[in-house]
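The structure appears below as structure tokens.
There are 2 protein chains.
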Amino acid sequence: MKFEAITIKDIARALNLSVSTVSKALRGSHEISEETKKAVMAYAREHNYKPNPIAQSLKRGRSKSIGIIVCNIDNNFFSQAINGIESVARQKDYNVIITQSQESYEREMANSEHLSSRSVDGLIISLSAETKKVDHLIKLHQKGLPMVFFDRVTDEIATHKVIANNYKGAYEATRHLLQQGFRRIAQITSSNSLSITFERLEGYKKALEDAGLKPDSKYIKFVQHGGMIPEETRQALTELLQLKNRPDAIFTASDRLSTTTLSLLRKMQIAVPQEVALVGFTNSISADIFHPSLTSVVQPALEMGQQATELLIQLIEAKRPVTEFKKCILDTELKIRDSSLRTT
Amino acid sequence: MKFEAITIKDIARALNLSVSTVSKALRGSHEISEETKKAVMAYAREHNYKPNPIAQSLKRGRSKSIGIIVCNIDNNFFSQAINGIESVARQKDYNVIITQSQESYEREMANSEHLSSRSVDGLIISLSAETKKVDHLIKLHQKGLPMVFFDRVTDEIATHKVIANNYKGAYEATRHLLQQGFRRIAQITSSNSLSITFERLEGYKKALEDAGLKPDSKYIKFVQHGGMIPEETRQALTELLQLKNRPDAIFTASDRLSTTTLSLLRKMQIAVPQEVALVGFTNSISADIFHPSLTSVVQPALEMGQQATELLIQLIEAKRPVTEFKKCILDTELKIRDSSLRTT
DNA sequence: CGCCCTGCCGCAAACGTTTTCGTAAAAAAA
DNA sequence: TTTTTTTACGAAAACGTTTGCGGCAGGGCG
Numbered sequence: 022m023k024f025e026a027i028t029i030k031d032i033a034r035a036l037n038l039s040v041s042t043v044s045k046a047l048r049g050s051h052e053i054s055e056e057t058k059k060a061v062m063a064y065a066r067e068h069n070y071k072p073n074p075i076a077q078s079l080k081r082g083r084s085k086s087i088g089i090i091v092c093n094i095d096n097n098f099f100s101q102a103i104n105g106i107e108s109v110a111r112q113k114d115y116n117v118i119i120t121q122s123q124e125s126y127e128r129e130m131a132n133s134e135h136l137s138s139r140s141v142d143g144l145i146i147s148l149s150a151e152t153k154k155v156d157h158l159i160k161l162h163q164k165g166l167p168m169v170f171f172d173r174v175t176d177e178i179a180t181h182k183v184i185a186n187n188y189k190g191a192y193e194a195t196r197h198l199l200q201q202g203f204r205r206i207a208q209i210t211s212s213n214s215l216s217i218t219f220e221r222l223e224g225y226k227k228a229l230e231d232a233g234l235k236p237d238s239k240y241i242k243f244v245q246h247g248g249m250i251p252e253e254t255r256q257a258l259t260e261l262l263q264l265k266n267r268p269d270a271i272f273t274a275s276d277r278l279s280t281t282t283l284s285l286l287r288k289m290q291i292a293v294p295q296e297v298a299l300v301g302f303t304n305s306i307s308a309d310i311f312h313p314s315l316t317s318v319v320q321p322a323l324e325m326g327q328q329a330t331e332l333l334i335q336l337i338e339a340k341r342p343v344t345e346f347k348k349c350i351l352d353t354e355l356k357i358r359d360s361s362l363r364t365t
Numbered sequence: 022m023k024f025e026a027i028t029i030k031d032i033a034r035a036l037n038l039s040v041s042t043v044s045k046a047l048r049g050s051h052e053i054s055e056e057t058k059k060a061v062m063a064y065a066r067e068h069n070y071k072p073n074p075i076a077q078s079l080k081r082g083r084s085k086s087i088g089i090i091v092c093n094i095d096n097n098f099f100s101q102a103i104n105g106i107e108s109v110a111r112q113k114d115y116n117v118i119i120t121q122s123q124e125s126y127e128r129e130m131a132n133s134e135h136l137s138s139r140s141v142d143g144l145i146i147s148l149s150a151e152t153k154k155v156d157h158l159i160k161l162h163q164k165g166l167p168m169v170f171f172d173r174v175t176d177e178i179a180t181h182k183v184i185a186n187n188y189k190g191a192y193e194a195t196r197h198l199l200q201q202g203f204r205r206i207a208q209i210t211s212s213n214s215l216s217i218t219f220e221r222l223e224g225y226k227k228a229l230e231d232a233g234l235k236p237d238s239k240y241i242k243f244v245q246h247g248g249m250i251p252e253e254t255r256q257a258l259t260e261l262l263q264l265k266n267r268p269d270a271i272f273t274a275s276d277r278l279s280t281t282t283l284s285l286l287r288k289m290q291i292a293v294p295q296e297v298a299l300v301g302f303t304n305s306i307s308a309d310i311f312h313p314s315l316t317s318v319v320q321p322a323l324e325m326g327q328q329a330t331e332l333l334i335q336l337i338e339a340k341r342p343v344t345e346f347k348k349c350i351l352d353t354e355l356k357i358r359d360s361s362l363r364t365t
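Going down the list, the sequences are from chains P and S. Take 22 as the starting number for the first sequence in this note's numbering and just add one per residue. Take 22 as the starting number for the second sequence in this note's numbering and just add one per residue.
What follows is the structure, given as structure tokens:
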């Protein structure tokens with residue numbers, strides 16, 4: 022059905038040359054006379070010859086494609102990150118193959134397995150919320166598959182990592198709430214198996230301690246699927262609001278959690294920030310038109326994607342095994358808006 | 022560097038069989054005795070044999086991957102659509118390769134060229150705002166590359182198309198504004214070369230005419246890059262607001278345009294809906310927490326992506342050339358919120 | 001004049017499959 | 001028993017490349 026593309030063989034036949042000569046000519050080998058090269062090049066251009074990348078992949082053992090595993094692409098942070106990944110990959114002539122784990126451990130395993138058997142040259146991964154063991158990735162890594170983690174990383178695999186400065190981001194967000202005079206600051210965060218959860222929790226705790234407050238576990242709610250399931254978030258929020266000492270501010274530690282929480286608060290008719298103030302991690306470009314406009318910790322998602330991709334391609338194209346690994350920590354930006362401002 | 026995977030050859034050697042026997046056994050051919058099949062299967066499973074997809078692609082002439090071209094993935098509508106595309110593709114064992122045109126004609130050409138030379142089995146495309154000629158796609162289509170258009174389609178290529186009912190969506194949005202009593206209804210829309218622009222414009226005009234009003238071109242502003250460049254939107258909005266008979270309502274005809282316009286109106290301190298009402302196409306999941314909450318025409322993005330993918334895979338796997346093409350038109354949903362409600 | 005060197009090119013193997021065809025042995029039919 | 005059919009497998013070509021090696025000229029050298 023598909024129109025047969027022109028191959029090296031066709032060129033060889035047309036020019037009365039051997040296949041190998043044509044191949045070498047196209048690659049500019051010194052074994053071939055200038056004259057012949059010219060002729061071959063000319064013919065190739067004229068007939069719009071494109072080398073078959075599949076054949077090349079088979080021969081070279083590299084596919085010039087990289088696999089991505091994220092929990093969900095329909096998320097501001099990840100779609101921005103993928104935007105960055107795609108642009109760098111394209112520029113270096115790599116294809117980007119996207120998969121989604123939907124926060125499921127099973128699907129993450131299946132996707133990593135599938136991508137590696139599909140012979141991608143490398144992997145860029147942000148772990149799923151359900152993932153507690155990374156044996157599936159360790160196995161692939163040991164087999165020599167280059168991988169770079171971003172956002173949700175693991176300590177169990179020695180390779181490049183790209184993360185936002187979650188600790189500092191959370192610290193600043195919490196400190197901001199404290200400076201505004203809030204004292205009972207709760208946190209709604211993702212699964213406690215995630216690196217980002219830990220880091221954001223630590224930053225939050227440190228800020229409280231620096232202000233002479235003791236973190237209280239009653240005020241910390243883990244949402245196992247990071248906001249993908251609204252009901253889980255509602256549950257966490259409701260529990261917080263029913264506490265004797267109801268929090269006067271909430272820090273939501275991920276993108277989906279932030280928007281969902283704000284939405285729920287509005288449905289519950291709870292005034293923000295009057296009754297409860299809110300600060301959240303989010304990369305929504307619309308945070309300034311929320312009601313109230315949402316004070317946000319914004320991650321440099323695009324840059325994170327770009328960096329991760331550059332590091333991965335370095336790994337892939339390294340002549341000798343790489344043993345020094347970077348952990349890139351990019352600063353977040355705290356955008357102060359109405360949702361966190363003390364009104365009284 | 023990469024650990025060599027086990028191949029059919031290895032199995033053959035280990036079991037004292039020929040390569041062809043193993044291949045047939047793995048595919049369950051009737052030519053092979055049950056006994057041998059069992060042995061091969063067992064060995065394969067035990068050693069975690071995975072067929073090399075690149076070799077298979079080369080042999081079969083199909084890559085089991087589909088290419089996507091959208092203007093930008095960092096956009097609610099498209100990320101939701103890609104979510105749908107990915108899920109269906111995954112289920113049918115196709116890979117999804119993503120590219121972004123960034124609304125550039127040049128990049129769309131380069132991407133389509135690149136994807137086809139990368140031998141994807143098919144293409145799912147939403148045209149870029151700059152695209153006026155589709156010769157580059159016609160060429161590929163004539164060569165036999167299956168393609169499905171979605172969202173922004175063209176009449177010049179006979180193939181499946183999946184779109185939202187833009188006409189009806191725009192009609193309903195405009196009618197809603199009319200019912201609320203607004204009379205000077207402006208539209209800010211995308212490049213006038215896009216199908217969606219035309220359809221949404223027609224629905225808008227029809228609604229006006231049905232209400233006995235004459236569409237006025239002063240009230241219609243085209244934004245060439247569909248909101249990717251905020252300054253263009255600002256320009257359009259400013260011009261509208263400076264008109265003698267300033268519009269009392271605006272209908273924004275795309276996702277980015279809607280959020281950007283609302284954001285600009287807030288920055289300009291123009292009260293919505295008191296001074297200007299607003300209805301927009303948007304798939305933002307946060308439209309209900311905007312200030313004011315935004316009356317939206319919501320497209321079934323996920324379903325559109327799924328449908329487009331199913332149709333494409335049908336085309337790819339069709340035994341005989343397909344000559345009957347579908348144009349799937351999926352209904353939008355008008356979510357009425359505060360931004361369009363008459364207050365006086 | 002014989003030698004080697006260099007320039008230019010082709011042969012053939014290889015990457016990992018799939019598939020067509022051939023063929024031996026075993027089973028069935030004569 | 002011989003002939004035919006069936007069963008089960010292997011040899012080899014093919015997909016489109018890349019690459020090591022060998023060969024054949026012609027030219028420079030001794």
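For every residue, glycine included, the Cβ atom is placed at its ideal position computed from N, Cα and C. Everything numeric in this text was worked out from a predicted model, so none of it was measured.
Within chain P, no residue has its CB atom less than 7 Å from the CB of S/R358, the nearest being about 11 Å off.
Note on P/V43: 16 or more other CB atoms within 10 angstroms of its CB, so buried under the neighbour-count rule. Rounded to the nearest whole angstrom, the CA to CA distance from S/S238 to S/N213 is 13 Å. Counting only unbroken stretches of 4 or more residues, the alpha helix (DSSP H) elements lying wholly within the region 116-203 of chain S are 126-138, 156-163 and 187-200, in sequence order.
About 11 Å separates the beta carbon of S/S305 from that of S/K356, a gap too long to meet the 8 Å contact definition. At least one CB atom of chain P sits nearer than 8 Å to the CB of S/L283. Taking 4 residues as the shortest admissible run, the region 47-107 of chain P contains the following complete alpha helix (DSSP H) segments, listed from N- to C-terminal end: 55-67 and 74-81.
Just so you know, the alpha carbons of S/M168 and S/Y188 end up roughly 24 Å apart.
Residues of chain S whose Cβ lies closer than 8 Å to the Cβ of P/H68 do not exist, since the nearest Cβ in that chain is about 13 Å away. Using a C-beta cut-off of 8 Å, the region 104-115 of chain P makes no contact with the region 80-92 of chain S, since fewer than three inter-stretch Cβ pairs fall below that distance. Using a Cβ distance threshold of 8 Å, S/F311 and S/L283 count as a contacting pair.
When C-beta distances to chain P are compared with 8 Å, the residues of the region 106-120 of chain S below that value are E107, S108, R111, N116, V117, I118, I119 and T120, in chain order. Taking C-alpha positions only, P/I94 is separated from P/V244 by approximately 19 Å. When CB distances to chain P are screened at a threshold of 8 Å, the residues of the region 288-307 of chain S falling below it are S305, I306 and S307, in chain order. If the five residues before and after S/L351 are omitted, its C-beta is found closer than 8 Å to the C-beta atoms of V183, I184, A185, N186, Q320, P321, E324, M325 and Q328, all from its own chain and listed in chain order.
Spanning the alpha carbons of P/K348 and S/Q290 requires a straight line of approximately 44 Å. If you draw a straight line from the Cα of S/R139 to the Cα of P/P72, it comes to about 9 Å.
Taking a Cβ-Cβ cut-off of 8 Å, the neighbours of S/P74 in chain P comprise S138, R139 and S140, given in sequence order. Under the three-pair Cβ rule at 8 Å, the region 265-277 of chain P does not count as touching the region 169-181 of chain P.
Scanning chain P for C-beta atoms nearer than 8 Å to the C-beta of S/H312 yields I310, F311, H312, P313 and S314, reported in chain order. Taking the beta carbon of S/S100 as reference, the chain P residues within 7 Å of it are I94, D95 and S100, listed in sequence order. A direct Cα-to-Cα measurement between S/R196 and S/V297 gives close to 16 Å. Look at S/I32 here: in three-state DSSP terms it is helix. Neighbours of P/I217 in chain S, taken as residues whose beta carbon is under 8 Å from its own, are absent, since the nearest beta carbon is some 20 Å off. Within the region 290-339 of chain S, the runs of alpha helix (DSSP H) that reach at least 4 residues and sit entirely inside it are, in chain order, 322-338. At a cut-off of 8 Å between beta carbons, P/K71 contacts chain S. Between the alpha carbons of P/R204 and P/A232 lies a distance of about 9 Å.
Interface criterion met: the Cβ of P/T280 is under 8 Å from a Cβ in chain S. Counting only residues of its own chain and dropping the five nearest sequence neighbours on each side, S/V293 has a CB closer than 6 Å to the CB of L286, L299, P313 and S360. Counting only Cβ-Cβ distances below 8 Å, S/S84 has contacts in chain P at I75, in chain order. Taking C-beta atoms under 8 Å as the contact rule, P/I334 and P/Y64 fail to qualify, at a distance of about 33 Å. Taking the C-beta atoms as reference points, P/L362 is found nearer than 8 Å to P/Q201. Sorting P/K113, P/A150, P/I217 and P/V117 by C-alpha distance to the C-alpha of P/R128 places P/A150 at the top. DSSP places S/Q208 in the uninterrupted beta strand (DSSP E) bounded by I206 to T210.
Pairing S/K153 with S/C92, the inter-Cα distance amounts to about 14 Å.
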